[in-house]
Amino acid sequence: MDDITYYTDDGIFTVCLPERVETSNADKLREDILKNIAESGCTRIVIDCENTNYVSSAGLRIFMAVSKRYEDVHFANVTGYVKEVLDITGFLTKYL
């Protein structure tokens, strides 16, 4: 996908999310993210939200899918609305 980037560094796989993670792109994002993580062989995952300003419930399902498959998941660069949503849903407490 054009608006999502990945990189690995020292055994850590980082997913840089797009501006919006919502119903219109969630299925493709989930599929793409899980595929790329598996291909990397990494088990430490960072979900970078620096460019993300909106996450819907469909986006939260992506985070659940990743966290069910990998124990070492963390969020980075979470601000504004996205931080509020992740805090309310408990993702920040568990994964920040």
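Heads up: the sequence shown is residues 181 to 276, going by the numbering used here. Yeah, the Cβ is synthetic: ideal placement off N, Cα and C, and Gly gets one too.
Following the DSSP letters along the chain, one finds residue 186 inside the beta strand (DSSP E) bounded by residues 185-189. In the three-state reduction of the DSSP assignment, residue 269 falls in the coil class, being assigned neither a helical nor a strand state. As the crow flies, the alpha-carbon of residue 191 is around 7 Å from that of residue 224. 8 Å or more divides the Cβ of residue 209 from the Cβ of residue 229. Counting other Cβ atoms within 10 Å of its Cβ, residue 233 stays below 16 and is therefore classed as exposed.
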